[in-house]
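Heads up: the sequence lines are chains A and B, in that order.
Following our numbering, the numbering of the first sequence begins with 75 at its first residue and continues without gaps.
Following our numbering, the numbering of the second sequence begins with 106 at its first residue and continues without gaps.
Right, one structure below, let's go through it.
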Amino acid sequence: MTYEKRFDGRDFDETRETKVEIGIIPRADGSAKFTFGNTKAIATIYGPRLLHPQHHQDPEKAKLRCNYDMLSFSVSERKKPGPSRRSTEVSHVIENALSSVVQLESFPGTAVDLEIEVIQADASTRCAGINAASLALAHAGIPMTDLISSVSVGCIGNKICIDLRKEEEDYEEDDEKMATDIPMAFSTRTGKMTLLQLDGKIKPKMLKEAIDAGFKACLKINEIQKKALRALKLKE
Amino acid sequence: MEGKKEIKDEKEKISKKEDEKIEKIARDMVIPGETIVSGEDYLPGEGTMREGKKIISTRLGLVEYINRLVKVIPVSGVYIPRRGNNVIGKITDINFNGWQVDISAPYSAFLSTKECFFPRMIRDPEEFLSIGDMITAKVYSIKRKGIDLTMQDRGLHKIEGGMTITINPNKVPRVIGKEGSMVNMIKLETGCNITVGQNGIIWIKGESIDTELFAKDAVLLIAEKAHVEGLTGIVQEFLEKRKKGLKKETLEKKEEN
Chain A
75 MTYEKRFDGR
85 DFDETRETKV
95 EIGIIPRADG
105 SAKFTFGNTK
115 AIATIYGPRL
125 LHPQHHQDPE
135 KAKLRCNYDM
145 LSFSVSERKK
155 PGPSRRSTEV
165 SHVIENALSS
175 VVQLESFPGT
185 AVDLEIEVIQ
195 ADASTRCAGI
205 NAASLALAHA
215 GIPMTDLISS
225 VSVGCIGNKI
235 CIDLRKEEED
245 YEEDDEKMAT
255 DIPMAFSTRT
265 GKMTLLQLDG
275 KIKPKMLKEA
285 IDAGFKACLK
295 INEIQKKALR
305 ALKLKE
Chain B
106 MEGKKEIKDE
116 KEKISKKEDE
126 KIEKIARDMV
136 IPGETIVSGE
146 DYLPGEGTMR
156 EGKKIISTRL
166 GLVEYINRLV
176 KVIPVSGVYI
186 PRRGNNVIGK
196 ITDINFNGWQ
206 VDISAPYSAF
216 LSTKECFFPR
226 MIRDPEEFLS
236 IGDMITAKVY
246 SIKRKGIDLT
256 MQDRGLHKIE
266 GGMTITINPN
276 KVPRVIGKEG
286 SMVNMIKLET
296 GCNITVGQNG
306 IIWIKGESID
316 TELFAKDAVL
326 LIAEKAHVEG
336 LTGIVQEFLE
346 KRKKGLKKET
356 LEKKEEN
């Protein structure tokens, strides 16, 4: 038996319902919330601001400091609060995914602090985090060459599915894990990839297909992001 | 090799298609990475960059054309100091030769004792300005190490009395208006003295708290509706309405007494 129909009846190239809110945290310089179905992430930007201690300062460019965290009630089994091995890795990956489009040279010697909190987790939290972070950076008025859009592509059996849920991620056949999760992020204007991770097994040919499918999904997400940012003018 | 060439040709075709004329109207909202204009008729200004034939926005803001120059007026972001800006700051620390000032910028600002009219009788800088005092100052140099401020100019002084409010520094030009028209209107209507710092801190001093609050509400209204066209009319209407209300209130109070 193969995975023929998705658990929630979506098309294979369809993302979950996405929702965007911008400027939800008034004290921050920029903030955004991005929702993929049950996955919700809030990103806030503080800065550019003074960087202390001084020996961490870079005289050529600003430093993007990213901190990704999942709240203890975001998953079904309580997550121990505080940094973990996983969260430090994800923070690093997100930082690298974003820093290629952010023009950090504009603010030498300063720090831009990015905090990503996942308030509800149902797989592909880092993708929701990146989408929210890119919106928050734009909202904070930090110069960027493009917006980053991110999506996780799954490969179950020989089917490519966009935006996996936790249920699909854990899909098993004959006690064998079938799903492969590939989070990816693109700078959609240039088509350049800024993040690609792979968790599981996949054939090289399938990976190429997955990347193409991911890019198409990212274009759609990019439209949603742009729409949300344009709506800011009407709000103000 | 030939196969590669074909792919290249196709890519060029696609890029040519993309090169078709795009031209945003002035005051349109643009998003980082969005093409503002294509073609070589325009020059990229602040908040934009050139990539190939296109001019691309790097910030979230509104498009503006100044002759051939394309600019993006940002709608958000922290204050980035420029030489010659008048700012309002708060003393955070005292050195033997000057003060450290917080001007809500990403760099630290320093005011030297040589850069202000410092009475000779006073030996200790603390007697002139102490921690927590607010001042109006001018940015006179921006170095790698930080910002240097000066108080040796007309109208720069220590702030005494009144209240300070903070707005987004990107909205300061709207509060000031064309050649100070907006702020002058508020000054005239409320009778308050208003000093606007380029860093978004505004000092209001009036005869009574009521008039100060009146001026504060007017400034906040401008900050809230900064991107609405015909703002002068809205503010004028607000000022007149409020003024009538104030007169009534004072009359009622007198009657009660």
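Built from N, CA and C at the ideal position, the CB exists for glycine as well.
Status (buried if at least 16 other CB within 10 Å, exposed otherwise) for residue i
i                : result
VAL180 (chain B) : buried
GLN299 (chain A) : buried
ASP143 (chain A) : buried
VAL333 (chain B) : exposed
LYS176 (chain B) : buried
GLU250 (chain A) : exposed
ASP253 (chain B) : buried
GLY203 (chain B) : buried
ARG200 (chain A) : buried
ALA305 (chain A) : exposed
MET96 (chain B)  : The structure shown does not extend to residue 96 (chain B), since chain B is modelled only from 106 to 362, so the question has no answer here.
PHE110 (chain A) : buried
PHE201 (chain B) : exposed
ILE236 (chain B) : exposed
ASN190 (chain B) : buried
THR262 (chain A) : buried
ASN296 (chain A) : buried
GLY152 (chain B) : buried
GLU361 (chain B) : exposed
Closest residue to residue i among the options (Cα-Cα distance)
i                : options                                   : result
MET246 (chain A) : A:CYS229, A:THR262 and A:ASP237           : The sequence shown places Glu at residue 246 (chain A), not Met. It is A:CYS229.
ALA210 (chain A) : A:HIS130, A:ILE119 and A:SER150           : A:ILE119
GLY144 (chain B) : B:GLU360, B:LEU234 and B:ARG173           : B:ARG173
THR163 (chain B) : B:VAL183, B:THR140 and B:ILE270           : B:THR140
GLN303 (chain B) : B:ILE160, B:LEU167 and B:ALA210           : B:ALA210
ALA302 (chain A) : A:HIS213, A:LEU272, A:ASP255 and A:ALA284 : A:HIS213
VAL142 (chain B) : B:GLU128, B:THR269 and B:GLU312           : B:GLU128
GLN131 (chain A) : A:LYS107, A:GLU95, A:LEU178 and A:LYS279  : A:LEU178
GLU83 (chain B)  : B:GLY305, B:ALA331 and B:GLY296           : Here chain B comprises residues numbered 106 to 362, so residue 83 (chain B) is not present and cannot be evaluated.
PHE222 (chain B) : B:ILE240, B:ILE208, B:TYR212 and B:ASP207 : B:ILE240
LYS275 (chain A) : A:ARG263, A:MET252, A:GLY265 and A:GLU297 : A:MET252
GLU91 (chain A)  : A:LYS114, A:LYS266 and A:ARG101           : A:LYS114
ILE178 (chain B) : B:ARG249, B:ILE272, B:ILE264 and B:LYS276 : B:LYS276
Helix, strand or coil at residue i [DSSP, three-state]
i                : result
MET252 (chain A) : coil
GLN271 (chain A) : coil
MET290 (chain B) : helix
ALA242 (chain B) : strand
VAL135 (chain B) : strand
ARG123 (chain A) : strand
ARG347 (chain B) : helix
LEU238 (chain A) : coil
ALA259 (chain A) : strand
THR89 (chain A)  : coil
ARG139 (chain A) : strand
ALA185 (chain A) : strand
THR264 (chain A) : coil
PRO149 (chain B) : strand
ALA214 (chain B) : strand
GLY194 (chain B) : strand
GLN128 (chain A) : helix
MET218 (chain A) : strand
Identity of the residues DSSP links to residue i by a beta bridge
i                : result
MET154 (chain B) : B:ILE161
THR113 (chain A) : A:PHE110
GLU95 (chain A)  : A:LYS107
LEU231 (chain B) : Here residue 231 (chain B) is Glu; the residue named in the question, Leu, does not match the sequence. Partner(s): none; GLU231 (chain B) has no beta bridge.
VAL192 (chain A) : A:ALA115 and A:MET144
MET280 (chain A) : According to DSSP, MET280 (chain A) bridges with nothing at all.
Interface residues of chain C facing residue i [CB-CB closer than 8 Å]
i                : result
TYR212 (chain B) : Given the protein chain composition of this structure (A and B), no chain C is represented.
Amino acids of chain B, ordered along the chain, whose beta-carbon sits closer than 8 Å to that of residue i
i                : result
ASP220 (chain A) : PRO137 and GLY138
GLN177 (chain A) : THR163
GLY121 (chain A) : VAL183 and PRO211
Listed by chain order, chain A residues near residue i by CB distance under 8 Å
i                : result
MET134 (chain B) : LEU303, ARG304, LEU306 and LYS307
THR269 (chain B) : Going along chain A, no residue has its Cβ under 8 Å from THR269 (chain B), so there is no contact; the nearest lies around 18 Å.
Residues that residue i contacts on chain A, provided the C-beta gap is smaller than 7 Å
i                : result
SER143 (chain B) : Simply none; closest approach about 13 Å.
LEU165 (chain B) : ALA212, HIS213, GLY215 and LEU303
Interface partners of residue i on chain B, CB under 7 Å
i                : result
GLY104 (chain A) : SER181
LYS300 (chain A) : ILE136
GLN128 (chain A) : Result: empty, since nearest Cβ-Cβ is about 10 Å, beyond 7 Å.
ARG263 (chain A) : GLY138
GLY274 (chain A) : Chain B residues near GLY274 (chain A): none, gap ~31 Å exceeds 7 Å.
Neighbouring residues, chain A, relative to residue i (Cβ below 9 Å)
i                : result
ARG249 (chain B) : PRO133, PRO182 and GLY183
Proximity test, residue i beta-carbon vs the ligand NAP heavy atom, cut-off 7 Å
i                : result
SER161 (chain A) : Ligands in the displayed structure: none, and consequently the ligand NAP is not present.
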